[in-house]
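In the working numbering, the protein residues as written are 214 to 384.
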């Protein structure tokens, strides 16, 4: 174990935060976790994003060092660093949202105005693109987020596919 990181080489999230994925920004020396905060009383989760520095401590410039909790039930599954923030996606039980955050933990409203997030893929039970826990990657040259998933149709066919979400400012 590298004892210079976290507590004796380990980082623990806050109680009831479930981390579904993480990304690393080598320039800013930050590690970002994508997941959900489980509410035991309500038996539901709300999406969370939080960042730590390379020593394993909260990154104070991102939402004051606290987890950013989204107000709709669901969970963020994956994300990537963009150099000036983060992009990713999550599942909200019957649909998916893609999001873009600034490096300080605010929704980037240039991406899907006016909120900084928007629906991608199909909504249950529609035919179309679905992803849950799938990987993502950034295509910086073309300014897009690629999400791995599957195309599902009611007639029973399921085909692996990738969708490209434009990261260009709306307008």
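We treat Cβ as the ideally placed atom computed from N, Cα and C, and that holds for glycine.
| To the nearest angstrom, how far is it from the Cα of residue 377 to the Cα of residue 358? | As a first step, residue 377 must be located in the chain shown, where it is residue number 164. As a first step, residue 358 must be located in the chain shown, where it is residue number 145. Taking the straight line joining both Cα atoms gives about 6 Å.
| request: Have a look at residue 367 and residue 361 and give me their C-alpha separation to the nearest angstrom. | output: Along the chain shown, read from residue 1 onward, the residue named residue 367 stands at position 154. Along the chain shown, read from residue 1 onward, the residue named residue 361 stands at position 148. Roughly 20 Å separates the two Cα atoms.
| said: Measuring straight from C-alpha to C-alpha, what distance separates residue 216 and residue 269? | reply: Here residue 216 refers to the residue found at position 3 of the chain shown. Here residue 269 refers to the residue found at position 56 of the chain shown. So the alpha carbons of these two residues sit roughly 10 Å apart.
| Run through DSSP, which three-state label would residue 334 get? | Looking up residue 334 in the chain shown gives position 121. The answer is coil: DSSP assigns residue 334 none of H, G, I, E or B.
| said: In whole angstroms, give me the CA-to-CA distance for residue 308 and residue 343. | reply: Against the chain shown, residue 308 aligns to sequence position 95. Against the chain shown, residue 343 aligns to sequence position 130. Spanning the two alpha carbons is a distance of roughly 8 Å.
| Backbone secondary structure at residue 271 - three-state DSSP | Locating residue 271 in the chain shown gives position 58, where the first residue counts as 1. Strand.
| message | Applying the 10 Å Cβ sphere with the 16-neighbour rule, what's the burial state of residue 383? | response | Position 170 of the chain shown, counting from 1, holds the residue named residue 383. With fewer than 16 Cβ atoms within 10 Å of its Cβ, residue 383 is classed as exposed.
| Nearest to residue 287 by CA position, among 233, 353 and 225, is which residue? | Within the chain shown, residue 287 is the residue found at index 74, counting from 1. The shortest Cα separation from residue 287 among 233, 353 and 225 belongs to 233.
| Same chain, Cβ closer than 6 Å to residue 374, five either side skipped, listed in chain order | Residue 374 sits at position 161 when you count from the first residue of the chain shown. Cβ within range, chain order: 364.
| query | Taking the C-alpha atoms as reference points, what is the distance between residue 329 and residue 305? | reply | As a working note, residue 329 is residue 116 in the chain shown. As a working note, residue 305 is residue 92 in the chain shown. Cα-Cα distance, rounded: 16 Å.
| request: Would you give the residue range spanned by the beta strand (DSSP E) that residue 343 belongs to? | output: For the purposes of this step, residue 343 is taken as the residue at position 130 of the chain shown. Unbroken beta strand (DSSP E) run through residue 343: 341-343.
| task | Throw me the rounded Cβ distance for the residue 351 and residue 293 pair, which I believe falls under 8 Å. | result | Taking the chain shown and counting its residues from 1, one reaches residue 351 at position 138. Taking the chain shown and counting its residues from 1, one reaches residue 293 at position 80. 4 Å between Cβ atoms; contact.
| request: Out of 302, 355 and 297, state which residue places its alpha-carbon closest to the alpha-carbon of residue 261. | output: Numbered from its first residue, the chain shown carries residue 261 at position 48. The option with the nearest alpha carbon to residue 261 is 302.
| request: Using three-state DSSP, classify residue 220 as helix, strand or coil. | output: Here the question's residue 220 lines up with position 7 in the chain shown. In this structure, residue 220 counts as strand in the three-state DSSP scheme.
| field | Contact check, residue 281 vs residue 298, beta carbons under 8 Å | value | Within the chain shown, numbered from 1, the residue matching residue 281 stands at position 68. Within the chain shown, numbered from 1, the residue matching residue 298 stands at position 85. Going by C-beta atoms, residue 281 is not nearer than 8 Å to residue 298.
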